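Following: one structure in structure tokens, then a few remarks.
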Amino acid sequence: MKTLKNYLYISAALVLLAGCKPSFENPKGTKGTADFTRYIAVGNSLTAGYADGGLYLEGQQNSYPSIIAKQMALVGGGKFTQPLFSEAQANGSGYLKLTGFTPTGSPVTTTVTENTAVRDQVTIPGFGNVILYTKYSGDINNYGVPGIKLQQIMYGPYGNLNGYFERLLPGAPPTNNTTYLDFVTAKDFTFFTDWLGNNDALGYATSGGAGDVLTDKTQFAQLYTLSIAKLTEKGAKGAVATIPDVTAIPYFNTVTVGAILAGVQKANPTVKDLYISARTSTDIDNLIYAPRAATATDLVVLTFPTSKIGQMVNSPAGMVPYGLTPYAPIDNQYVLDANEIALTKDYVTAYNTTIKTIAQQKGLAVFDAFTFLNDIKAHGILVDGVSANSNYISGGIFSLDGVHLTPRGYAIVANEYIRAINKTYNASIPTVNISNYRGVKFPN
Amino acid sequence: MKKLFLLLMWLSPAIVCAQGFQVNLNGQKQIGMGHTGTGLLQDGASIAFNPGAMAMLPENYIQAGISPLWFKSGFNGAGTNDVAFTKNRVATPFNAYGVWGPKDARWKVGMGVYTPFGGLTDWGNNWQGKYVLESLDLKSIFFQPTVSYKLTDYLSVGAGFIYNYATVDLQRAIPISDPDGNTGQARLKGHGKGYGWNAGVFIKASPEFTIGLNYRSEVKTNIKNGDAMFSVANSAQPNFPQPNTFEAGIPLPQTASIGFGYTASPKLLLALDVNYVGWHSYKELAFDYASNTPTLQDTHSPRNYKDAYSIRGGAQYKTCDKMAVRLGGGYTTTAVKDGYVTPEVPDANRYYLTAGFGYKVTNKLDLDFSFEYEHLFSRTQTNIESNLSGTFKSNVYIPGVSLAYHW
Chain G
5 MKTLKNYLYI SAALVLLAGC KPSFENPKGT KGTADFTRYI AVGNSLTAGY ADGGLYLEGQ
65 QNSYPSIIAK QMALVGGGKF TQPLFSEAQA NGSGYLKLTG FTPTGSPVTT TVTENTAVRD
125 QVTIPGFGNV ILYTKYSGDI NNYGVPGIKL QQIMYGPYGN LNGYFERLLP GAPPTNNTTY
185 LDFVTAKDFT FFTDWLGNND ALGYATSGGA GDVLTDKTQF AQLYTLSIAK LTEKGAKGAV
245 ATIPDVTAIP YFNTVTVGAI LAGVQKANPT VKDLYISART STDIDNLIYA PRAATATDLV
305 VLTFPTSKIG QMVNSPAGMV PYGLTPYAPI DNQYVLDANE IALTKDYVTA YNTTIKTIAQ
365 QKGLAVFDAF TFLNDIKAHG ILVDGVSANS NYISGGIFSL DGVHLTPRGY AIVANEYIRA
425 INKTYNASIP TVNISNYRGV KFPN
Chain R
5 MKKLFLLLMW LSPAIVCAQG FQVNLNGQKQ IGMGHTGTGL LQDGASIAFN PGAMAMLPEN
65 YIQAGISPLW FKSGFNGAGT NDVAFTKNRV ATPFNAYGVW GPKDARWKVG MGVYTPFGGL
125 TDWGNNWQGK YVLESLDLKS IFFQPTVSYK LTDYLSVGAG FIYNYATVDL QRAIPISDPD
185 GNTGQARLKG HGKGYGWNAG VFIKASPEFT IGLNYRSEVK TNIKNGDAMF SVANSAQPNF
245 PQPNTFEAGI PLPQTASIGF GYTASPKLLL ALDVNYVGWH SYKELAFDYA SNTPTLQDTH
305 SPRNYKDAYS IRGGAQYKTC DKMAVRLGGG YTTTAVKDGY VTPEVPDANR YYLTAGFGYK
365 VTNKLDLDFS FEYEHLFSRT QTNIESNLSG TFKSNVYIPG VSLAYHW
């Protein structure tokens, strides 16, 4: 019995030992010179957590502002509420889902249409159809509205034209007349992030320069100055982000001229060139397009239906294969040609100069998304053993729409914001653990 | 039955690290004295410490010991508040020796089974570095038949052949999500073998002063036909062909030791060991897969270890005929260079303190307890291969017990 007792003592001692973990004294995070009591996020789809071609609950829950807010809470930040879709309508607007791969390895996506939050559709005269979503009426800290341009933030009726904005407003279309800027600044706040301006260039670019226009540089500067003045007028501090180079996203780098041509040449080796309808000048006022052979510097959009290539179509020269002759070039909307790229880049550079200049004047933190995403495109990024890059699907950062980010991508962005905020405001908000966030979901 | 149950509580199938993944737990009497023994004549553990000393042992030995080991490591990601700790798993390095020779003969033969290398680190499947490593369980068991011969009354030599049986079980997450958002899993599991030798010289310079020299060769251990198991979402599975096998090699390093013993009085024994471990042979950890795809390439992870040194000292004081208390300690330099620290072996310079208690149950039976505490200095690192960045801190707690029968 005595030995048994000894064993028990020894066992007890060993159990105690098992509790002796090394200890870490984390320096207590500090908010520095900023105040995170009420943080609001101003921006577009990226801010809302839009992903996979739609706004849905999981994307919202992984939005970069929500990630930042969680980390701010560790240094005394306040409550952060997002206009989430309900569980029952978790699929929000609907979104793209990867359902498999073709035998040649091309991804197959389908649109999720069940359990959406679509409540109605209205036709706004002179504008068109607007899809409406289930209204949200609670507190809001994340004001991200997919689709919004900086150019539209002072436009009163905009709440009738954008279903994502409309769902946050109490009124029904066409009665809404609150500007976005007034809406987000109605309630006092102590800190903001502002990532507006992407759509002022992106809308033009993703439509191949055909479906939208670039916001005038002067107008951009005026609106940016005005919005930052309004956001900082009561002493709030904040962080802004620059606009990424639109050519850094997989939307423009996945379906390439070379790849399409190689596919055509497999069946028909005599084909030498693809033809596109290309802008003839980088002068913004010169809208003349002409057919020419495509080169690697022309970018084809991710959504281009490649099956169109080679189909016999009517042309001034009779029936010709689509995209393979100057008589039936690939339509403008599918290609961001070299001149359009140059034009877009010029505008984005000007926008970013505005953003950085004003941020500096106001002492705001800047997350330079332009440089950051270009760097990822050039070199990839390696975090905690996960290597990520700008490739479609396999890169892990961009979601299935090729423009917006995956939870992993948004977490990486959140950390960059946090670093910028910490630097500018002498704060020490802890960064987030990237390995907790997923890339693209692969089907079984 | 109860006794047995409690003893079994301490056992679990694994072996853990100390200094790289070297485990210095080759005998309880020696652990108590700061793991010194190259220049001493304590017991059958001389097979591991210095085969040259075996012929000088005054008696024959059969003994076995075990040192359940708690490797408590923590990681704090750079710039984060997140702290991860290794799971509570116990490794069980053990040692067993048999030494025999006819009374008054100049020679002795022996057999040692011991675990000089190993590692058990289990960080779980939900920590910051899960894509680098979830868990590693590396075991290595040396089987060493040994002979020793006494050339003169003051000089003996000995040598043994080493057969190493090793098993490895490595798990990490793959950053590919399935439809439910779960990550993929990789598991490499296999066993292998290696050969080497261990030789030594023992000198009784005077009745009080003894010297030992020991060299143990590198043991190149190769794992062939290990199972390479990858499970990812079905649509991504063709990138990771199954079933698949891997080959890997680990060069367990050569060691050289010199040890001194000094009998200060009939009751007091002092010891000092200096130790070199040729870790420079561990240049990379390579996995060669039987089936490769563009996604699943062979991996060559640089390790580029550097040689490590340790100095150890210890004392044994016999409080009476039946009892001895032991104390010791030492300092070991890390084998892992800056930038190469990985969660599989979060190594650092370390010091250790040991204590032991010996009790003669009968004239022929020794019961020895040992306890070792190791503290690894905090190490803040960004790994060059994974960019995993943060601070590792580790403590090791190793109680131990052995029984030795001698005649």
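Keeping their order, the protein sequence lines are chains G and R. Just so you know, the working numbering puts 134 at position 130 of the first sequence, and the rest follows in order with no gaps. Just so you know, the working numbering puts 233 at position 229 of the second sequence, and the rest follows in order with no gaps. Just so you know, even glycine gets a beta-carbon here, dropped at the ideal spot from N, CA and C. Bear in mind that the values here come from a model prediction, so they are computed numbers and not experimental data.
Minimum Cβ-Cβ distance from residue i to chain R less than 8 angstroms
| i | result |
| --- | --- |
| ARG442(G) | yes |
| PRO434(G) | yes |
| GLY400(G) | yes |
| VAL116(G) | no |
| PRO3(G) | The question about residue 3(G) has no answer here: the residues shown for chain G are numbered 5 through 448. |
| PRO447(G) | yes |
| LEU88(G) | no |
| ASN395(G) | no |
| ASN437(G) | yes |
| ASP388(G) | yes |
| GLY413(G) | no |
| LEU59(G) | no |
| LEU100(G) | no |
Same chain, Cβ closer than 7 angstroms to residue i, neighbours up to 5 away in sequence not counted
| i | result |
| --- | --- |
| PRO257(R) | GLU222, VAL281, GLY282, TRP283, SER285 and TYR286 |
| PHE371(G) | ALA243, ALA245, GLU420, TYR421 and ALA424 |
| GLN93(G) | ASN119, THR120, ALA121 and THR138 |
| TYR208(G) | ASP216, VAL217, LEU218 and THR348 |
Contacts around residue i, its chain only, beta-carbon distance under 6 angstroms, and the 5 residues preceding and following it disregarded
| i | result |
| --- | --- |
| ALA298(G) | VAL261, LEU278 and ILE280 |
| GLN385(R) | VAL345 |
| ALA342(G) | THR301 and ASP302 |
| GLY43(R) | THR214, ILE215, GLY216, GLY263, PHE264 and GLY265 |
| LEU357(R) | GLY333 and TYR377 |
| ARG171(G) | TYR137, LYS139 and TYR140 |
| LYS397(R) | GLY78 and SER382 |
| PHE40(G) | MET76, GLY81 and PHE195 |
Residue i and residue j closer than 8 angstroms at C-beta
| i | j | result |
| --- | --- | --- |
| THR336(R) | ALA312(R) | yes |
| GLY317(R) | ALA275(R) | yes |
| ALA170(R) | HIS195(R) | yes |
| LEU306(G) | VAL259(G) | yes |
| LEU154(G) | GLY163(G) | no |
| GLY31(R) | GLY38(R) | no |
| LEU185(G) | LYS234(G) | yes |
Opposing strand residues paired with residue i [DSSP bridges]
| i | result |
| --- | --- |
| ASP231(R) | LYS193(R) and THR249(R) |
| PHE196(G) | ILE44(G) and GLY242(G) |
| ARG283(G) | TYR293(G) |
| LYS364(R) | ASP370(R) |
| TYR377(R) | LEU357(R) and TYR401(R) |
| ASN168(R) | PHE146(R) and GLY198(R) |
| ALA68(R) | ALA100(R) and LEU407(R) |
| LYS112(R) | SER152(R) |
| TRP74(R) | VAL94(R) and TYR401(R) |
| SER160(R) | LYS154(R) and PHE206(R) |
C-beta neighbour in chain G for residue i, strict 8 angstroms
| i | result |
| --- | --- |
| ALA240(R) | yes |
| GLN189(R) | no |
| ASN399(R) | yes |
| TYR135(R) | yes |
| ASP370(R) | no |
| THR84(R) | yes |
| LEU273(R) | no |
| GLY123(R) | no |
| VAL237(R) | Inspection of the sequence shows that residue 237(R) is occupied by Ala rather than by Val. It does: the Cβ of ALA237(R) has a partner Cβ on chain G nearer than 8 angstroms. |
| GLU376(R) | no |
| GLY78(R) | yes |
| PRO245(R) | no |
| ASP459(R) | The displayed coordinates of chain R run from 5 to 411. Any statement about residue 459(R) would go beyond what the structure contains. |
| SER261(R) | no |
Same chain only: Cβ atoms within 8 angstroms of residue i, ignoring 5 sequence neighbours per side
| i | result |
| --- | --- |
| GLY230(R) | VAL172, LEU192, LYS193, GLY194, HIS195, GLY196, THR249, PHE250, GLU251 and ALA252 |
*Segments of 3+ residues assigned as beta strand (DSSP E) that fall wholly inside the segment 326 to 362 of chain R*: 327 to 336
*In the segment 364 to 415 of chain G, which residue ranges form an unbroken beta strand (DSSP E) of at least 3 residues, counting only runs that do not cross its ends?*
369 to 371, 385 to 387 and 390 to 392
*Sequence ranges, beta strand (DSSP E) only - wholly within the segment 38 to 119 of chain G, length at least 3*: 43 to 47, 99 to 105 and 111 to 116
*Can you check the segment 336 to 367 of chain G for any alpha helix (DSSP H) of at least 4 residues that lies completely inside it and give the ranges in chain order?*
342 to 366
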